[in-house]
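Q: Starting off with a structure, shown below.
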Ligand code: SAH
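Numbering (our numbering), first residue to last: 27 to 251.
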């Protein structure tokens, strides 16, 4: 039988399903096992967030370059950080480091509202356009120096920092609710950093170390572009 247009469509759909299966398999293998997190990641196509010469590598478990000299994180790290954040459907989340917008888009499926800030205007503008196109209406992106948090919307149930700080920034700790959780990579920017989880309780903060990671540095002040 000759291949008709229907067969061509089926092949496309088949390829996409296989790519998705491989992507989710990789995540599970690297420890992303929480069903809600896997479901949220299944819904967001990473290919939308990687453009240009690297777009054909969007489904590999690797960080990739994005504009302004920044990087979109590795999918398994996005998954593990999302999992560590223990986000609930009523939570208000703050993300420092919008970057491509991928991490915010994944979190948007799990929480009530997410505020995401970046020091580069270009990244915020491009991410906002993507959120609009994908119909992700519970994300608010804005240009701000995230090392100061976002005092006008504080306090937050969850805070995720996707750039490396030398230590958990004081203003962010102060903007975390009692019972809240913050996930942040800490350590020197040019070395391997430690991803830590901070839980705030009535009497103070508990810290636990999760794993080694590598992030671009948290830089104070706004970017030039
Ligand atoms: N979460 C992103 C990846 C972030 S890369 C994603 O899913 O694609 C780290 C980002 O942190 C960069 O975009 C960088 O511009 C931003 N950043 C660094 N220091 C910052 C600061 N002080 N305030 C806000 N954003 C900052």
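Quick reminder that beta carbons are idealized off the backbone N, C-alpha and C, glycines included.
For clarity, every value in this text was computed on a predicted model and none was experimentally measured.
On the DSSP letters alone, give me the boundaries of the beta strand (DSSP E) that residue 166 sits inside.
A: 165-169
Q: What whole-angstrom Cβ distance do residue 188 and residue 125 have, given they're in contact under 8 Å?
A: 7 Å
Q: Please give me, in chain order, every unbroken run of the beta strand (DSSP E) with length at least 3 that falls completely inside the region 93-162.
A: 96-98, 118-122, 139-144
Q: Determine, using beta carbons only, whether residue 239 comes closer than 9 Å to chain C.
A: Checking the listed chains, one finds no chain C in this structure; it contains a single protein chain.
Q: For residue 98, which residues in the same chain have their Cβ closer than 7 Å to its Cβ, ignoring the five residues on either side in sequence?
A: Excluding the 5 residues flanking it on each side, residue 98 has same chain C-beta neighbours closer than 7 Å at 75, 76, 89, 90, 92, 125, 126, 128, in chain order.
Q: Go ahead and label residue 21 buried or exposed: buried means 16 or more other beta carbons lie within 10 angstroms of its beta carbon, across all protein chains shown.
A: Since the displayed the chain opens at 27 and closes at 251, residue 21 lies outside it and no answer follows.
Q: Grouping DSSP H, G and I as helix and E and B as strand, with all else coil, what is residue 201?
A: coil
Q: Return yes when at least one heavy atom of ligand 1 lies under 8 Å from the C-beta of residue 197, else no.
A: no
Q: Mind checking which residues open and close the beta strand (DSSP E) that includes residue 236?
A: 230-239
Q: Should the region 152-169 be regarded as contacting the region 129-142, the criterion being three or more beta carbon pairs within less than 8 Å?
A: yes
Q: Looking at residue 177: is its Cβ nearer than 9 Å to the Cβ of residue 197?
A: yes
Q: For the alpha helix (DSSP H) holding residue 242, just list the boundary residues, first then last.
A: Membership of residue 242 in any alpha helix (DSSP H) is not indicated, and neither H nor E is assigned to it by DSSP.
Q: Please classify residue 54: is it buried, with 16 or more other beta-carbons within 10 angstroms of its beta-carbon, or exposed?
A: exposed
Q: Residues in its own chain within less than 6 Å of residue 179 by CB, not counting five upstream and five downstream?
A: Only 141 meet the Cβ criterion.
Q: Grouping DSSP H, G and I as helix and E and B as strand, with all else coil, what is residue 57?
A: coil
Q: So residue 219 is in the beta strand (DSSP E); what residue range does that whole segment cover?
A: 219-227
Q: Taking DSSP's pairing of strands, which residues face residue 182 in a bridge?
A: Residue 182 is bridged to 202.
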